[in-house]
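Residue numbers (numbering that gives the first Met the number 0), protein chains in the order written: chain X, 0 to 210; chain F, 0 to 210; chain D, 0 to 210; chain Z, 0 to 210.
Glycine residues also receive a C-beta, built at the ideal position from the N, C-alpha and C atoms.
Given the structure is predicted, the values throughout are model-derived calculations rather than measurements.
Have a look at the structure below, then the notes.
4 protein chains.
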Amino acid sequence: MERNRSVPSILCGMPRKREPAGAAVLQESVTSAITTALFDELAETGYARTSVDAVARRAGVGKAAVYRRWPSKQAMLLDLLETAVRRNVPEVPDSGSLAGDVRGFLDVIVAQVADPRIKRIALDMAAETTRSPDLGAALRETVAGPRRAAAATVLSRGVERGELPADIDRELGLDLLISPLLGRLLLIGGPVDDAYLTRLTTVIVAGLTSA
Amino acid sequence: MERNRSVPSILCGMPRKREPAGAAVLQESVTSAITTALFDELAETGYARTSVDAVARRAGVGKAAVYRRWPSKQAMLLDLLETAVRRNVPEVPDSGSLAGDVRGFLDVIVAQVADPRIKRIALDMAAETTRSPDLGAALRETVAGPRRAAAATVLSRGVERGELPADIDRELGLDLLISPLLGRLLLIGGPVDDAYLTRLTTVIVAGLTSA
Amino acid sequence: MERNRSVPSILCGMPRKREPAGAAVLQESVTSAITTALFDELAETGYARTSVDAVARRAGVGKAAVYRRWPSKQAMLLDLLETAVRRNVPEVPDSGSLAGDVRGFLDVIVAQVADPRIKRIALDMAAETTRSPDLGAALRETVAGPRRAAAATVLSRGVERGELPADIDRELGLDLLISPLLGRLLLIGGPVDDAYLTRLTTVIVAGLTSA
Amino acid sequence: MERNRSVPSILCGMPRKREPAGAAVLQESVTSAITTALFDELAETGYARTSVDAVARRAGVGKAAVYRRWPSKQAMLLDLLETAVRRNVPEVPDSGSLAGDVRGFLDVIVAQVADPRIKRIALDMAAETTRSPDLGAALRETVAGPRRAAAATVLSRGVERGELPADIDRELGLDLLISPLLGRLLLIGGPVDDAYLTRLTTVIVAGLTSA
DNA sequence: TTCTAATCGAGACGGTACGTCCCGTCTTGCC
DNA sequence: GGCAAGACGGGACGTACCGTCTCGATTAGAA
């Protein structure tokens, strides 16, 4: 039942307790068949048009097997996003300079959103956030949290090195590191190539220094 | 028949040509009843859970009246967004300084996304963009276009005043003006108050100057 | 407005009185276009699937033009049946013998139901009769009445000639003349050729004589 | 799954084969709830105005449950008619005389058409027959067939007893037994009481004898 | 090993919404 | 006023999913 435990409790009606006596256990083969089918279905039809029926059919699995693992279509999607995103926890190596660290951080973000499926689900979830505050909180904790922590490290190193003032506005700094790139990647949609990242790094460093 | 003409052709099957002879005409009273009902329904139930049946019922209107105007639920929503967004074309007065113009521009964005319904629909549409490139193009033209134009004006004035280098990277400049705030408003979700905007203005100006 | 006068008042919500003063008049060309289109539509799609919209479209006529003439789809159909049926009022010439008259009467019935469209509408109307007693009465008066009158003439001549007893059961006699053939034509559906009619004439005469 | 098997294949898209493995099965309780609701609805509103929505609502059942059993409203109605009609297969006991057998046969017909719902559906189906030859064939086989067989028995017994000539025209004899009464019951609509049946028996016997 | 309980695929269940079609009425502008 | 065109409110059609529930058959832990 680790599966359901990985979904924040807000998102599940009630995570099963269980395993009392002569119990059976969710078969991993079934779980992974569903996961694969879901990813394929998402890639083909998109989130809004993905149906549980279709996923189960594609996985050669009964619908009940899906609902035994996740309490709803949304929870299933969310769990998927989280897993995919968790697989790539941002880890920004100390490059020795603020500019290097900033560029490293940007590269990590780009790498993570490179998969268009991630982009889709992320946007869908962001949209859903406006309806469900609980979901927003869950996402902020599991998805945004680790990323902001990594960004905070970049800022801290800058302060330690003396490249940034000690009283820098952390909140604004984090936004400056994350938002411009994320906004372009998810909302604006223009190309994000090496040159762009290089110039973006420059202006972010300038911005941070002035903050 | 301005109604359907206002929807980009990609979004409707085919905008009606019409008015051959003694023709009937979509009644404005019905259109506005539907629009009102749709906005109310969106506010109450959210995009995903808004049904055409419910909108028609609330408007005291037959379902056919809806489908006579828009070819699908999606097209209806989209047209709505466009209309709402078009009602508030950004107009940044010349404040005499780059910092003033930047702040003015940020204020306009905040004002437009203030209505949480706009925020919802905007995110839903952004999400849909990842599935339908045509839709993305339409949105970029009608929604993003005017905003980027306003931002471009801010940059131009800065160059004229000598506050910005003449060879400034326009693309990056526009992103810097738009993305950080939009990212926070739509994706990150923290508070955006006067103090935040003031500090954001500072770092943007710093960033632009260095670009 | 003779048109609507021909529909029994039971079938129309309220037959127009009209022609009071500076009145306009329904154009005969439109009426006949509708009639033709209706017949064609019936022949192609059948009663149940015939829609007023389709008839009007085929006639190149506005729907209102139809509803100006008949209060409902059903009334229109009924009026049509009545007209078609009235065009061919049964007229059984005195052949000089009971057997000859009976055969003549049967021939008239066969001729009238020969058109499969008449058969369809007749059955549809019979079916509708079970729901609407008023319609039943109207049909009995305008459709069945004249036919039973013609059959009654056959019986009367037989009595006059002395071929039938004077106290013959008229009701049963009429049924015997009409039902067997009508039942076969409309309900059973087997072939009705000359030989069949000859033999049927024989048994009907035998039956009548014994009544 | 006998339900769908009982519907002639012409009427259903394709009767389900089924029961491959641990399969689900249409629940009899639901089927009978639908059947009851349908009969009630027919009695109240009549065939043409009976809607699947209303039947499902009255049965406390989802619309899908109906469409899982029958492919269309029409097929459902037809299956119903067949079932109702099959429940009462005509069985004419040997009364020892032709007149007695004829009267017995007439009584059976009257009994079967006594339920006005049967009458309605029968006429509706007869009407539909003119549009769909396949339906006509199906009805002739399942509905008319057994009745004509029973009538044939009456004729055979008459021949055996020497009351009828051995070379009697069977086809015409069957028509004479069935059509007059059916015509009156379904098409003409006058009263059919004991006296009427008595006299009708007399003329039919006379007709048969002369055939 | 045997028992036993939760698993499995399959799919029926009550619902809700979809987008289409038609009914009979109403509206608009031309004649 | 009639006319063609067609929008109107209403409501049924048949389809597709949702999330739940029910079947036998299978499988795996506890006794």
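Nearest to residue i by alpha carbon, out of the options?
i: D114 (chain X); options: X:L41, X:T30, X:L199 and X:T34; result: X:L41
i: L199 (chain D); options: Z:R156, Z:R139 and Z:L176; result: Z:L176
i: R232 (chain D); options: D:L180, D:S94, D:T34 and D:F38; result: Look at the range of chain D in this structure, 0 to 210, and you will see that residue 232 (chain D) is not part of it.
i: I120 (chain Z); options: Z:G135, Z:L79 and Z:A63; result: Z:L79
i: R139 (chain D); options: Z:L186, Z:V54 and Z:F38; result: Z:L186
i: Q73 (chain F); options: F:G59, F:Q111, F:L105 and F:A125; result: F:A125
i: P92 (chain D); options: D:V153, D:R85, D:L181 and D:I167; result: D:V153
i: L196 (chain D); options: D:I108, D:D52 and D:R57; result: D:I108
i: A58 (chain X); options: X:G103, X:G144, X:D39 and X:P70; result: X:D39
i: T82 (chain F); options: F:V142, F:S209 and F:A151; result: F:V142
i: L163 (chain Z); options: Z:P179, Z:R146, Z:T208 and Z:D52; result: Z:T208
i: A205 (chain Z); options: Z:R116, Z:A98, Z:R56 and Z:A136; result: Z:A98
i: K118 (chain D); options: Z:L122, Z:I117, Z:R116 and Z:K118; result: Z:L122
i: E27 (chain D); options: D:A64, D:R56, D:S50 and D:P145; result: D:A64
i: Y112 (chain X); options: X:G182, X:A165 and X:K62; result: It is Val, not Tyr, that sits at residue 112 (chain X) in the sequence shown. Per the Cα distances, X:G182.
i: R116 (chain F); options: F:S96, F:A55, F:T49 and F:V101; result: F:T49
i: L104 (chain D); options: D:A53, D:R156 and D:K62; result: Checking the sequence, you will find Phe at residue 104 (chain D) rather than Leu. Looking at the Cα atoms, D:R156 is the closest of the given residues.
i: A137 (chain Z); options: Z:S178, Z:S31 and Z:L77; result: Z:L77
i: R147 (chain D); options: D:A110, D:L37, D:S178 and D:G135; result: D:S178
i: W249 (chain Z); options: Z:A110, Z:T30, Z:T201 and Z:V158; result: Chain Z is shown only over 0 to 210; residue 249 (chain Z) falls outside these bounds and no answer can be derived.
i: L180 (chain X); options: X:V24, X:G135, X:V101 and X:A151; result: X:V101
i: L37 (chain Z); options: Z:V84, Z:V24 and Z:A53; result: Z:A53
i: A149 (chain F); options: F:E90, F:V60 and F:R67; result: F:E90
i: L25 (chain D); options: D:R67, D:I203 and D:V158; result: D:R67
What three-state label does DSSP hand residue i in the structure shown?
i: Y46 (chain F); result: coil
i: V24 (chain Z); result: coil
i: S31 (chain X); result: helix
Next item on the list: Could you run through the segment 106-121 of chain Z and flag, in chain order, every residue whose CB is less than 8 Å away from some CB of chain D?
Entry: P115, K118 and R119: these are the residues of the segment 106-121 of chain Z whose beta carbon lies less than 8 Å from some beta carbon of chain D, given in chain order.
Check: Mind pulling the alpha helix (DSSP H) runs of 4 or more residues that sit fully within the segment 161-193 of chain F?
Finding: Within the segment 161-193 of chain F, the complete alpha helix (DSSP H) runs of at least 4 residues are 169-181.
Note to self: Closer than 8 Å is the cut-off here; do at least three beta carbon pairs connect the segment 162-173 of chain F with the segment 190-197 of chain F?
What the structure shows: Put simply, the segment 162-173 of chain F does not touch the segment 190-197 of chain F. Fewer than three CB pairs are less than 8 Å apart.
Checklist line | Cβ-based contacts, 9 Å cut-off: residues of the segment 177-209 of chain F near chain X | finding: Cβ proximity to chain X below 9 Å picks out I177, S178, P179, L180, L181, G182, R183, L185, L186, I187, G188, G189, Y195, R198, L199, T201, V202, I203, V204, A205, G206, L207, T208 and S209 from the segment 177-209 of chain F.
Checklist line | Residues in the segment 120-151 of chain X having any Cβ partner in chain F nearer than 8 Å | finding: The residues in question are L122, D123, A125, A126, E127, T128, T129, R130, G135, R139 and A143.
Check: Just checking, does the segment 30-47 of chain Z make contact with the segment 123-135 of chain D on the three C-beta pairs under 8 Å criterion?
Finding: Yes: at least three Cβ pairs fall under 8 Å.
Next item on the list: Counting only runs of 4+ residues fully inside the segment 48-133 of chain Z, write out the alpha helix (DSSP H) ranges in chain order.
Entry: Runs of the alpha helix (DSSP H) lying entirely within the segment 48-133 of chain Z and spanning at least 4 residues, in chain order: 51-58, 62-68, 72-85, 97-112 and 115-128.
Next item on the list: Note down, in chain order, all residues in the segment 152-179 of chain D with a beta-carbon under 8 Å from any beta-carbon belonging to chain Z.
Entry: Listed in sequence order: D168, E170, L171, D174, L175, I177, S178 and P179.
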